[in-house]
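Remarks on the structure that follows.
Residue numbers (the UniProt record's numbering): 1 to 73.
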């Protein structure tokens with residue numbers, strides 16, 4: 001196991017709940033010891049049900065409230 005490279009059994013498609021009531025999901029590409037995440041093909045779930053494709057994003061660990069695996073681990 002190396003920081004920054006998801007382990008082989010790591011979920012590839014996390015759903016992430018962020019502060020401010022925001023939700024995103026996509027493909028987990030990397031992380032670090034501070035739980036900063038790199039998510040590719042990221043989709044923001046807007047409150048009205050609208051989905052916005054926002055591409056590759058870096059999410060700071062201190063803004064993450066919950067991380068959910070969408071695939072069985």
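We put the beta carbon where it would ideally sit given N, CA and C, even for glycine.
On a predicted model such as this, the values are computed, not experimentally measured, just so you know.
Q. Where do the ends of the beta strand (DSSP E) carrying residue 66 lie?
A. From DSSP, the beta strand (DSSP E) with residue 66 extends over 64-69.
Q.
Between residue 36 and residue 58, how many whole angstroms is the CB-CB distance? I'm expecting something under 8 angstroms.
A. 6 angstroms
(Q) Quick check on residue 34: buried or exposed, where buried means 16 or more other Cβ atoms within 10 Å of its Cβ? (A) By the Cβ neighbour-count rule, residue 34 is exposed, with fewer than 16 other Cβ atoms within 10 Å of its own.
Q: Quick one: residues in its chain with C-beta nearer than 8 angstroms to the C-beta of residue 11, no 5 flanking neighbours on either side, listed in chain order?
A: Confidence at residue 11 is low in this model, with a pLDDT of 47, below 50, so its placement is unreliable and no value can be given for it.
Q) Once you ignore the five residues that flank residue 38 on each side, which residues in its own chain have a CB closer than 6 angstroms to its CB? A) Within the same chain, 29, 30 and 58 come within 6 angstroms of residue 38 by CB-CB distance, once the 5 residues on both sides are set aside.
Q. With respect to the beta strand (DSSP E) encompassing residue 52, which residues constitute its N-terminal and C-terminal limits?
A. Where residue 52 is concerned, the enclosing beta strand (DSSP E) stretches over 51-59.
**Q.** Pairwise C-alpha distance: residue 44 and residue 14
**A.** Whole-angstrom Cα-Cα distance: 12 angstroms.
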